[in-house]
Amino acid sequence: MAATKIIALFNHKGGVSKTTTIFHIGSMLCRMNKKVLLVDADSQCNLTGLMAGFQKPEEYGDVVDIEYDNNVIDKFYKEYDDIYSCIISDIIGEEILTEEKVQSSRIFIYEKSNSNQNLHLLAGNVQFAEVEPRLTTSLLFSSNRFSQNATTMRIPGVFRKLFGMLGGYYNYDYILVDMSPSIGMLNQCLIMNSDYFIIPLAPDFYSWQALKSIGSVLPQAYNDFQPFRIENTLNGYKLPNQPQFMGYVIQKFRLQAGKSKSDEDKNSIIPSKAFQEWIDKIELRIKEELIPTLMGANMYVSGSDIVDVCVPEFNSLIAKSQSSGKPVFELSDNETYDKKDKMEDRSKKEIKRGQFEDLFKTISNKIVRITSNLSK
Numbered sequence: 001m002a003a004t005k006i007i008a009l010f011n012h013k014g015g016v017s018k019t020t021t022i023f024h025i026g027s028m029l030c031r032m033n034k035k036v037l038l039v040d041a042d043s044q045c046n047l048t049g050l051m052a053g054f055q056k057p058e059e060y061g062d063v064v065d066i067e068y069d070n071n072v073i074d075k076f077y078k079e080y081d082d083i084y085s086c087i088i089s090d091i092i093g094e095e096i097l098t099e100e101k102v103q104s105s106r107i108f109i110y111e112k113s114n115s116n117q118n119l120h121l122l123a124g125n126v127q128f129a130e131v132e133p134r135l136t137t138s139l140l141f142s143s144n145r146f147s148q149n150a151t152t153m154r155i156p157g158v159f160r161k162l163f164g165m166l167g168g169y170y171n172y173d174y175i176l177v178d179m180s181p182s183i184g185m186l187n188q189c190l191i192m193n194s195d196y197f198i199i200p201l202a203p204d205f206y207s208w209q210a211l212k213s214i215g216s217v218l219p220q221a222y223n224d225f226q227p228f229r230i231e232n233t234l235n236g237y238k239l240p241n242q243p244q245f246m247g248y249v250i251q252k253f254r255l256q257a258g259k260s261k262s263d264e265d266k267n268s269i270i271p272s273k274a275f276q277e278w279i280d281k282i283e284l285r286i287k288e289e290l291i292p293t294l295m296g297a298n299m300y301v302s303g304s305d306i307v308d309v310c311v312p313e314f315n316s317l318i319a320k321s322q323s324s325g326k327p328v329f330e331l332s333d334n335e336t337y338d339k340k341d342k343m344e345d346r347s348k349k350e351i352k353r354g355q356f357e358d359l360f361k362t363i364s365n366k367i368v369r370i371t372s373n374l375s376k
């Protein structure tokens, strides 16, 4: 099979629905007969909680929240490996990452989906944030040949080696990496270990502002990590070439009042005026500033129809998706509707569920086209 494609979802601005986006892209790719691993590289572990179902039953009261959470979460981490447990021995120099270790890894298989069991999870861990200081030290040592050693030179490429081994053993078509809202060294490293990256955004000033720093930081990060492409001859730890910007997803905006309510309107996504103004500003900055900057650094999938999708707010459906641990487009009617809903309310929710599915089909189809047309 073709090599596994590694795609990072990155924006150091928080509150842009990164976890929701990656979960639904992964689920949709599986519906398209792709095998997908989602990697929770955010020490907040929201993706892990969503997929593993860390939701307490209604019969548990607030008094036992801590006890319930500790029992459920402790059991999960005893049964499954996480990103920190997979790499820490290699990072501290105790044991290098081997095929045997990867093949014995316990990957969580997501089973709530109606499609298949091709959606897997490499869980997150709060301790994962501890990797960043070691990574910073590795970068400092890399500039001095006299201070270099095998352990420090392996650290930046350990993710590439892990993802490559997992992809080869499990035959993943895609590995999608969920990242924390940070522009620190750890996230820079994860992007440099990826083949592509997508930027999730919200239509607001801070997302608009974040694009400028992303355009500044990522080309510099490529240069900073260059020693681990040229000088690192350790098998499997060499970083790949430039990650390619493959597009963006803008979410969390309201539609114009009265729009998207009839059958004729059901495929219309018309943001309210205030949100449309910010969407226009963001897309203009991407077109006129970010893309030219990334093209200059060879970090843009030029010639491709990039991901450029706007996903409106689906408040109640997202809440139901999170509580059930299922993607919106795989919610049953009973999970979608409330008992008090009238026929008109049900019709609106059905239209929204269809819109949501169509939007993520568009995103996923573009991802498949881009990654099929380009060889890394």
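Position one of the sequence shown corresponds to residue 1 (UniProt numbering), numbered consecutively onward. Note that beta-carbon positions come from the ideal geometry of N, C-alpha and C, so glycine has one too. All values reported here derive from a predicted model rather than from experimental measurement.
- Task: Leaving out five residues on either side along the sequence, give the residues of the same chain with a beta carbon under 6 Å from the beta carbon of F314.
- Result: Within the sequence shown, residue 314 is the residue found at index 314, counting from 1. So the list reads K352 and F356, once near-sequence residues are dropped.
- Item | Three-pair Cβ contact test at 8 Å for the stretch 74-81 versus the stretch 117-134 | yes
- Message: Helix, strand or coil, according to DSSP, for G157 in the structure here?
- Response: Sequence index remark: in the sequence shown, residue 157 carries index 157 (1-based). In the structure shown, G157 sits in a helix (DSSP, three-state: H, G or I).
- Message: Beta-carbon within less than 6 Å of E58's beta-carbon, same chain only, minus the 5 sequence neighbours each way: which residues are those?
- Response: As a first step, residue 58 must be located in the sequence shown, where it is residue number 58. Because the pLDDT at E58 is just 48, under 50, the model does not fix this residue reliably, and the value given afterwards should be weighed accordingly. So the list is empty, once near-sequence residues are dropped.
- Item | CB contact flag (Y174, L9, <9 Å) | For the purposes of this step, residue 174 is taken as residue 174 along the sequence shown, with counting starting at 1. For the purposes of this step, residue 9 is taken as residue 9 along the sequence shown, with counting starting at 1. No, these two residues do not count as a Cβ contact at 9 Å.
- Task: Would you tell me roughly how many angstroms separate the C-alpha atoms of A210 and E130, rounded to the nearest one?
- Result: Within the sequence shown, numbered from 1, the residue matching residue 210 stands at position 210. Within the sequence shown, numbered from 1, the residue matching residue 130 stands at position 130. Near 25 Å, if we compare the C-alpha coordinates of E130 and A210.
- Message: For a test of the three-state rule: what should DSSP assign to M299, helix, strand or coil?
- Response: By 1-based counting over the sequence shown, the position of residue 299 is 299. Here M299 sits in coil by DSSP.
- Task: Return the bridge partner residues of L218 from the DSSP annotation.
- Result: Sequence index remark: in the sequence shown, residue 218 carries index 218 (1-based). Bridge partners of L218: none, in fact.
- Message: By the DSSP assignment, the alpha helix (DSSP H) with Y84 in it spans what residues?
- Response: Position 84 of the sequence shown, counted from the start, is the residue given in the question as residue 84. Element bounds for Y84: I83 to I91.
- Item | Alpha-carbon to alpha-carbon, D341 and N334 | Walking along the sequence shown from the start, residue 334 turns up at place 334. Walking along the sequence shown from the start, residue 341 turns up at place 341. Roughly 11 Å between the two C-alpha positions.
- Message: Using 8 Å as the cut-off, can you tell me whether the stretch 38-49 makes contact with the stretch 223-231, which would need three or more C-beta pairs spanning the two stretches below that distance?
- Response: no
- Message: Can you look up D333 in the DSSP assignment and give me helix, strand or coil?
- Response: Taking the first residue of the sequence shown as position 1, residue 333 is located at position 333. If DSSP states are grouped into helix, strand and coil, D333 belongs with the helices.
- Task: Mind reading off the beta-carbon distance from L176 to I22? Whole number of angstroms is fine, and I expect it under 8 Å.
- Result: Counted from its first residue, the sequence shown places residue 176 at position 176. Counted from its first residue, the sequence shown places residue 22 at position 22. At roughly 5 Å, the Cβ-Cβ gap stays under 8 Å, so L176 and I22 are in contact.
- Query: Which value, in whole angstroms, describes the spacing of the CA atoms of G61 and F54?
  - Reply: Here the question's residue 61 lines up with position 61 in the sequence shown. Here the question's residue 54 lines up with position 54 in the sequence shown. Confidence at G61 is low in this model, with a pLDDT of 49, below 50, so its placement is unreliable and no value can be given for it.
- Query: Cβ of L201 within 9 Å of Cβ of N11?
  - Reply: Taking the first residue of the sequence shown as position 1, residue 201 is located at position 201. Taking the first residue of the sequence shown as position 1, residue 11 is located at position 11. Yes, these two residues count as a Cβ contact at 9 Å.
- Nearest-angstrom Cα distance between V72 and S372? As a working mapping, residue 72 is identified with position 72 in the sequence shown. As a working mapping, residue 372 is identified with position 372 in the sequence shown. So the two alpha carbons sit approximately 40 Å from each other.
- Query: Opposite L38 in the DSSP bridges: which residues?
  - Reply: For the purposes of this step, residue 38 is taken as the residue at position 38 of the sequence shown. BP columns for L38 point to L121 and L176.
- Query: CA-CA distance, residue 379 and E111?
  - Reply: Outside the displayed span of the chain (1 to 376) sits residue 379, for which this structure offers no information.
- Task: Using only the heavy atoms of the ligand ZN, determine whether one of them is closer than 8 Å to the beta carbon of C310.
- Result: With respect to the ligand ZN, the structure shown offers nothing to examine, as it has no ligands at all.
- Query: Residues bridged to A210 by DSSP?
  - Reply: What you label residue 210 is simply residue 210 of the sequence shown in a count that begins at 1. DSSP, once it has assigned bridges, lists no residue as partnering A210.
- Straight-line Cα distance separating G14 from Y337: In the sequence shown, the residue the question calls residue 337 occupies position 337. In the sequence shown, the residue the question calls residue 14 occupies position 14. If you take the alpha carbons of Y337 and G14, they lie about 30 Å apart.
- Query: Which first and last residues belong to the alpha helix (DSSP H) in which G325 is found?
  - Reply: Stepping through the sequence shown from its first residue, residue 325 is reached at position 325. Where G325 is concerned, there is no enclosing alpha helix (DSSP H), given that its DSSP letter is neither H nor E.
- Task: Determine the DSSP secondary structure at P312, reduced to helix, strand or coil.
- Result: As a position in the sequence shown, residue 312 is number 312, starting the count at 1. Looking at P312 - three-state DSSP - the assignment turns out to be coil, as it is neither helix nor strand.
- Task: Would you mind stating whether N171 and N33 have Cβ atoms separated by less than 9 Å?
- Result: Numbered from 1 along the sequence shown, position 171 holds the residue referred to as residue 171. Numbered from 1 along the sequence shown, position 33 holds the residue referred to as residue 33. Result no, Cβ atoms of N171 and N33 do not sit closer than 9 Å.
- Does DSSP put I282 in a helix, in a strand, or in coil? As a position in the sequence shown, residue 282 is number 282, starting the count at 1. In the structure shown, I282 sits in a helix (DSSP, three-state: H, G or I).
- Message: Suppose contacts are defined by Cβ-Cβ distances below 9 Å. Is D178 in contact with K5 by that definition?
- Response: The sequence position of residue 178 within the sequence shown is 178, counting from 1. The sequence position of residue 5 within the sequence shown is 5, counting from 1. Not closer than 9 Å, so no.
- Sort out for me which residues DSSP pairs G53 with in a bridge. As a first step, residue 53 is located in the sequence shown; it is residue number 53 there, counting from the start. DSSP output for G53 lists no bridge partner at all.
- Hey, could you find the ends of the beta strand (DSSP E) V249 is sitting in? Your numbering for residue 249 matches position 249 in the sequence shown. From DSSP, the beta strand (DSSP E) with V249 extends over Q244 to Q251.
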